[in-house]
């Protein structure tokens, strides 16, 4: 069995599973010390990618991948696990038809990535619904009115939203698209804003003073 896991065709898949196991061990040790890795990347600053359609497209992509529904570390662990398992299944299936021969990595790795990304999005969405929830899961959008957020990606203009993030009273982080409430105002990355009103596709906001 060890020959299978350490075969050249399975090296990257085994490395992915190995990283997951290592992170699990580190998390167990961290829990014993009262710390956790699960939210370690959630407060990292976002890159400035401009505004407009690029921001909307990025928001759609993160939603499709469920990146906006799970802590980044949990999402990363899920992706690595699915990538590794998909690779193993591919090579086991391929070998069963070709008498023990495995897919070459140049073919197996791209296929595993292509399969594991949408699987991560689907299972991530399901997992987000199963994770323990506090009261924040019941928050209505109306309760976001008055929340103070920060522009993370893009430049917000009238008709051209940018991404902002804020933390609700239950310490849950939310990412939303915002536009200025005043038509002649703009918000740039790092500026503080206040959510004023929910529109069809974004939030209207004013500058935090």
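Numbering (the numbering used here), first residue to last: 995 to 1203.
By construction, the Cβ of each residue, glycine as well, lies at the ideal position given by its N, Cα and C atoms.
In this text, all values refer to a predicted model and were calculated from it rather than measured experimentally.
- request: In angstroms with no decimal places, state the Cα-to-Cα distance between residue 1150 and residue 1143.
  value: Looking up residue 1150 in the chain shown gives position 156. Looking up residue 1143 in the chain shown gives position 149. For residue 1150 and residue 1143, the distance between alpha carbons rounds to 13 Å.
- prompt: Taking the alpha-carbon positions, what's the residue 1146 to residue 1201 distance?
  reply: Here residue 1146 is taken as the residue at index 152 of the chain shown, counted from 1. Here residue 1201 is taken as the residue at index 207 of the chain shown, counted from 1. Each residue's Cα considered, the two are about 14 Å apart.
Inter-residue spacing [alpha-carbon to alpha-carbon] between residue 1112 and residue 1175: Taking the first residue of the chain shown as 1, we reach residue 1112 at position 118. Taking the first residue of the chain shown as 1, we reach residue 1175 at position 181. For residue 1112 and residue 1175, the distance between alpha carbons rounds to 36 Å.
- prompt: Just how far apart, CA to CA, sit residue 1085 and residue 1167?
  reply: Sequence index remark: in the chain shown, residue 1085 carries index 91 (1-based). Sequence index remark: in the chain shown, residue 1167 carries index 173 (1-based). Residue 1085 and residue 1167: Cα-Cα distance of roughly 39 Å.
- prompt: Is residue 1150 helix, strand or coil by DSSP?
  reply: Here residue 1150 corresponds to residue number 156 of the chain shown, with the count starting at 1. Three-state result, residue 1150: strand.
- request: Could you tell me which residues DSSP puts in a beta bridge with residue 1200?
  value: Numbered from its first residue, the chain shown carries residue 1200 at position 206. Beta-bridge pairing links residue 1200 to 1188.
- prompt: Going along the chain, which residues of its own chain have a beta-carbon closer than 6 Å to the beta-carbon of residue 1115, five neighbours each way excluded?
  reply: Taking the chain shown and counting its residues from 1, the one referred to as residue 1115 is at position 121. 1058, 1059, 1060.
task: Return the CA-CA distance between residue 1109 and residue 1179, expressed in angstroms with no decimal places.
output: As a working mapping, residue 1109 is identified with position 115 in the chain shown. As a working mapping, residue 1179 is identified with position 185 in the chain shown. Residue 1109 and residue 1179: Cα-Cα distance of roughly 43 Å.
field: Cβ shell of residue 1160 (< 8 Å), same chain only, five flanking positions each side left out
entry: Counting from 1 along the chain shown, the entry for residue 1160 is found at position 166. Hits under 8 Å: 1138, 1141, 1142, 1143, 1144, 1167, 1168, 1170, 1189.
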